[in-house]
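**Q** Would you mind keeping the following structure in view while I ask a few things?
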Amino acid sequence: MKISGLKGIGSKTEQLFNRLGVYTAEDLLTFYPRRYDVYEQPVGIDEMTGNKLYAFWGTVISDCEINTRSRYKVLSVYAADDKGGRIKLTWFNMPFLAGQLKRGFKWIFRGEAAFKGSLVFMEQPSLYSYEQYMAKMNSMQPVYPLTAGLTNNAVTKAVKQCFEMGLTLSEYLPDSVIANAGLTGRSEAVYAIHFPTDADGLAQARRRVVFDEFFLFTLAIRSLKNANLLANNDKIIPQSTYSAIILANLGYELTNAQKKVRAEIASDMTGSRTMNRLIQGDVGSGKTIIAFLAMTDAAAAGYQSALMAPTEVLAKQHYEDFCRTLKENDIPLRCVLLTGSMPAAAKREALEALASGEADMAVGTHAVISDGVSFKNLGLVVTDEQHRFGVRQREALHLKGASPHIIVMSATPIPRSLAIILYGELDISVIDEKPANRLPIKNCVVDDSYRQKAYKFIENEILKGHQAYIICAMAEDNEDSDNGLELENVVDYSESLRRHYNGRFTVEYLHGKMKSAAKNEIMERFASGEIQILVSTTVVEVGINVPNATVMLVENAERFGLAGLHQLRGRVGRGDSQSYCIFVSNTKNELTKERLSILKDSNDGFYIAEQDLRLRGPGDMLGSRQSGDFGFALGNIYADADVLKLAADTARLLLEADGELCAPENALLRNELEEYMKTSLGNLNI
Ligand code: ADP
Ligand code: MG
């Protein structure tokens, strides 16, 4: 049933839902909340002791004041509780609240408490009548991901309606699996994820849904597993004079960790089995050169190779690096570029060169390489930033060569025990050392008041000939109407920054909704040094290498996950100059502060991933998108490592007993798995 079939959803609201990927009422059932709001018992003002969320029942005891401070209209008022505690309340850009805040009015106010000397205050508290609040109290209210124009209330109502109509997801797991893994029933779990009665019920429900995700995934991987993975090596590729020449002229020495991985690759490619190797190395550890050397070795042995990058910008950058290196070393190899936005004629030429064997190497985006490219003699495939690739693409590419050697490179730290489950037969190498010329990035966490100083600091770096990134949470104004807070957006921000610097510096912006040609142009101008300050959303996160950029300033740093911030920060500190990362956040929240201080004190991706897990609170229960994003809807491979192992073991046992899932009790599961492999598997970033 289309979503517009629900009461209260017209064509306009339908479009908003569509924007969130919800088309049918059934889609809504698996449109999970981002987190939950828990409405606690109201407290007295004197009981507020930390920068935490509190509710209190208070009376307005002053007239509203409206001030115009900086860019915001600030409305403020004093309130008191019945024990005489006083508190100052302020709201930004909500002057219309004045009518509800007349002297003597009583409300339950709910917000994060903050303290200045003896003054207690709250910014942006919500208002409830006593009855409204009591109705919500001690329940967990779902908070859904939203888009401008769609309220949380509207989504909640729509989801409620679906359940009231009796829509549900039917059980497909065999009884034995449910019993052995101790799982909640499926329909019960799906309901409880939306409307949990308590934290325990939610944990149980979530465990079931996460189990399903991992279980179907591991079953699918096992059935996809190609005999090629264990194929005999018929492409012997030893280290060559090409790679020796490149190494000799590199201008730096490989780190010991890089040398070790290079040796592992050589031993694989000359060994008895086709190589399947995962290379994990923190951002900036120098994975690209390792791949490139292996690709030249393949060419020397007479084989073509392909490198797949997750974005066009990155593909182009690798391509240009490779071409330059080949030229500088007079190596007679031909490398071609393959991306979606290149002119048709150029693409045709590249495709022909690969098919005829004239081109030795292809560098491109995964979609392009994995669809419709034929190679004459493909011997090696490298995927860069591998966790961004779909399983399907890996498989498709795999089938193109008669079992090419495979290297996958990832900056996402995954413990070995989990990697084995996720990547099956891959061998794993770790580059656990940064190039010696690197100075560790200097980090600081600051609030708004430091911004002018930060701009001055950035100016000094630019005057030294360096470049800067500024990261904002949003692309354009008003995307996130979720909480009425002001979030910086790249378009307005770059405008005001140009004004700030009086047009002395070239400032441009970048965000994910721009056309890819426009994105490429901006990235190229930044890479060439023409753009001095790039104001961007997290689209710069993946792999871009502009060693001349030495400062990154992240606005609203509290909005990002730890792992994401670490990846972002990896865009600086890639050359031999000192680099800096400035995290700007006004958060008073203790937990958020702790998270940011971990980033401040460490530049080690593995350590940060660990701490990220440790600090995950119940409010983040569903926050899997925040860190280590593998594309599972709820499951987080780190936080849910135990469920992942359980699901993998269960899948293995089940397949040992009934490899083709032919037994009658497995029939529903088999249907579900087939559907999953058709629809969901390709979307995963594993
Ligand atoms: P990542 O592992 O994040 O993909 P890159 O391969 O992009 O990192 O390398 C980052 C930068 O470090 C590049 O400019 C590269 O030339 C440089 N680099 C790689 N290895 C070394 C090394 N051993 N010594 C010095 N610089 C290196
Ligand atoms: Mg890289």
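The numbering used here numbers the first residue of the sequence shown as 12 and each following residue consecutively. From the three backbone atoms N, C-alpha and C, an ideal C-beta is built for every residue, glycine too.
1. Using CA atoms only, rank isn't needed, just tell me which of SER129, LEU112, THR158, ALA674 is closest to SER137.
2. If you draw a straight line from the C-alpha of TYR34 to the C-alpha of THR24, how long is it?
3. Counting C-beta neighbours from all protein chains within 10 Å, is the total for GLN52 16 or more, i.e. buried, or is it exposed?
4. Spell out the partners DSSP gives PRO153 in its beta bridges.
5. At a threshold of 7 Å, does THR35 count as lining the ligand MG (C-beta to nearest heavy atom)?
6. Cα separation between SER505 and VAL518?
7. Quick one: does the C-beta of ASP395 sit closer than 7 Å to a heavy atom of the ligand MG?
8. Report yes if the C-beta of THR299 is less than 7 Å from at least one heavy atom of the ligand MG; otherwise report no.
9. Considering only the alpha carbon of each residue, which of ILE342, ASP341, GLN328 lies closest to THR376?
10. Assuming GLU224 and ASN600 make a contact with CB atoms under 8 Å, what is their CB distance in whole Å?
11. Output the distance between the C-alpha atoms of MET145 and ALA66, rounded to the nearest integer angstrom.
12. Quick one: using the 10 Å Cβ neighbour count with 16 as the cut-off for buried, is PHE303 buried or exposed?
13. Examine the ligand ADP and report whether any of its heavy atoms sits within less than 7 Å of the Cβ of TYR263.
14. On the DSSP bridge assignment, give the partners of ILE609 in chain order.
15. Could you give the distance in angstroms between the alpha-carbon of ILE20 and the alpha-carbon of PHE28?
16. Just the Cα atoms here: how many angstroms apart are LYS13 and VAL419?
17. Report buried or exposed for ASP458, applying the criterion of at least 16 other Cβ atoms within 10 angstroms of its Cβ.
18. Output the distance between the C-alpha atoms of ASN78 and GLN215, rounded to the nearest integer angstrom.
19. Going by DSSP in three states, LEU564 sits in which element: helix, strand or coil?
20. With burial defined as no fewer than 16 other Cβ atoms inside 10 Å of the residue's Cβ, what is the status of SER547: buried or exposed?
21. Residues in its own chain within less than 8 Å of PRO629 by CB, not counting five upstream and five downstream?
22. Using a Cβ-Cβ cutoff of less than 6 Å, which residues in the same chain neighbour ARG536 once the five nearest sequence positions on both sides are dropped?
23. Based on the DSSP output, what are the partners of HIS416 in its beta bridges?
24. Let me know the secondary structure DSSP gives ARG121 once reduced to three states.
25. Under a three-way DSSP split, which group does ASP503 fall into?
26. Any heavy atom of the ligand ADP inside 7 Å of the beta-carbon of ASN614?
27. Could you give the DSSP three-state label for THR603: helix, strand or coil?
28. Which residues in the same chain as GLU323 place their Cβ atom closer than 7 Å to its Cβ, once the five residues preceding and following it in sequence are excluded?
29. In terms of alpha-carbon separation, which member of ALA430, LEU40, PHE226 lies closest to TYR649?
30. So for GLN111, helix, strand or coil by DSSP?
31. Any chance the CB of PRO5 is under 7 Å from a heavy atom of the ligand ADP?
32. Could you tell me the distance, in whole angstroms, from the CA atom of VAL54 to the CA atom of LYS147?
33. Determine the contact status of ALA317 and ILE248, defining contact as a CB-CB distance below 8 Å.
34. Mapping DSSP to helix, strand and coil, what is MET372?
35. Relative to the ligand ADP, is the shortest distance from any of its heavy atoms to the C-beta of GLN269 smaller than 7 Å?
36. Determine whether the beta carbon atoms of LEU213 and ALA203 lie at a separation below 8 Å.
**A** Reading it off the structure:
1. By one-based count along the sequence shown, residue 137 stands at place 126. It is LEU112 whose Cα lies nearest to the Cα of SER137.
2. Counted from its first residue, the sequence shown places residue 34 at position 23. Counted from its first residue, the sequence shown places residue 24 at position 13. Distance between the alpha carbons of TYR34 and THR24 is about 11 Å.
3. Mapped onto the sequence shown, residue 52 falls at position 41. With fewer than 16 Cβ atoms within 10 Å of its Cβ, GLN52 is classed as exposed.
4. Position 142 of the sequence shown, counting from 1, holds the residue named residue 153. TYR47.
5. Within the sequence shown, residue 35 is the residue found at index 24, counting from 1. THR35: no, Cβ never under 7 Å from the ligand MG.
6. As a working note, residue 505 is residue 494 in the sequence shown. As a working note, residue 518 is residue 507 in the sequence shown. The straight-line gap from Cα to Cα measures roughly 6 Å.
7. Position 384 of the sequence shown, counted from the first residue, corresponds to residue 395. The answer is yes for ASP395.
8. As a working mapping, residue 299 is identified with position 288 in the sequence shown. Correct: THR299 has its Cβ closer than 7 Å to the ligand MG.
9. Indexing the sequence shown from 1 puts residue 376 at position 365. The shortest C-alpha separation from THR376 is found at GLN328.
10. As a working mapping, residue 224 is identified with position 213 in the sequence shown. As a working mapping, residue 600 is identified with position 589 in the sequence shown. So it is not a contact: roughly 29 Å between Cβ atoms.
11. Taking the first residue of the sequence shown as 1, we reach residue 145 at position 134. Taking the first residue of the sequence shown as 1, we reach residue 66 at position 55. Their backbone Cα atoms lie some 11 Å apart in a straight line.
12. Taking the sequence shown and counting its residues from 1, one reaches residue 303 at position 292. It is buried - the Cβ of PHE303 has at least 16 other Cβ atoms within 10 Å.
13. Mapped onto the sequence shown, residue 263 falls at position 252. Yes, the Cβ of TYR263 comes within 7 Å of a heavy atom of the ligand ADP.
14. Here residue 609 refers to the residue found at position 598 when the sequence shown is read from its first residue. Per DSSP, none; premise fails for ILE609.
15. Here residue 20 corresponds to residue number 9 of the sequence shown, with the count starting at 1. Here residue 28 corresponds to residue number 17 of the sequence shown, with the count starting at 1. Approximately 9 Å, taken between the alpha carbons.
16. As a working note, residue 13 is residue 2 in the sequence shown. As a working note, residue 419 is residue 408 in the sequence shown. Distance between the alpha carbons of LYS13 and VAL419: 41 Å.
17. What you label residue 458 is simply residue 447 of the sequence shown in a count that begins at 1. Exposed.
18. For this step, residue 78 is matched to residue 67 along the sequence shown. For this step, residue 215 is matched to residue 204 along the sequence shown. If I take the Cα positions, the gap works out to 48 Å.
19. The residue given as residue 564 occupies position 553 in the sequence shown. Strand, per DSSP.
20. Counting from one through the sequence shown, the residue named residue 547 turns up at place 536. With 16 or more other Cβ atoms within 10 Å, it is buried.
21. Here residue 629 is taken as the residue at index 618 of the sequence shown, counted from 1. Bear in mind that a pLDDT of 40 at PRO629, under 50, signals an unreliable position, so the model cannot answer this.
22. What you label residue 536 is simply residue 525 of the sequence shown in a count that begins at 1. So the qualifying residues of the chain are ILE542.
23. By one-based count along the sequence shown, residue 416 stands at place 405. LEU391.
24. As a working note, residue 121 is residue 110 in the sequence shown. Here ARG121 sits in strand by DSSP.
25. Stepping through the sequence shown from its first residue, residue 503 is reached at position 492. Helix.
26. Counted from its first residue, the sequence shown places residue 614 at position 603. No.
27. Residue mapping note: residue 603 aligns to position 592 of the sequence shown, counting from 1. THR603: helix per DSSP, three-state reduction.
28. Here the question's residue 323 lines up with position 312 in the sequence shown. Here the set comprises THR350, GLY351, SER352, THR376, SER527, ASN531.
29. Sequence index remark: in the sequence shown, residue 649 carries index 638 (1-based). Considering only alpha carbons, the answer is ALA430.
30. Looking up residue 111 in the sequence shown gives position 100. The answer is helix: DSSP assigns GLN111 an H, G or I state.
31. The chain is shown only over 12 to 697; residue 5 falls outside these bounds and no answer can be derived.
32. The sequence position of residue 54 within the sequence shown is 43, counting from 1. The sequence position of residue 147 within the sequence shown is 136, counting from 1. Spanning the two alpha carbons is a distance of roughly 16 Å.
33. Your numbering for residue 317 matches position 306 in the sequence shown. Your numbering for residue 248 matches position 237 in the sequence shown. No, the pair does not count as a contact, with Cβ atoms beyond the cut-off.
34. Residue mapping note: residue 372 aligns to position 361 of the sequence shown, counting from 1. Strand at MET372.
35. In the sequence shown, counting from the first residue as 1, residue 269 sits at position 258. For the ligand ADP, at least one heavy atom lies less than 7 Å from the Cβ of GLN269.
36. Taking the sequence shown and counting its residues from 1, one reaches residue 213 at position 202. Taking the sequence shown and counting its residues from 1, one reaches residue 203 at position 192. Yes, Cβ-Cβ distance for LEU213 and ALA203 is below 8 Å.
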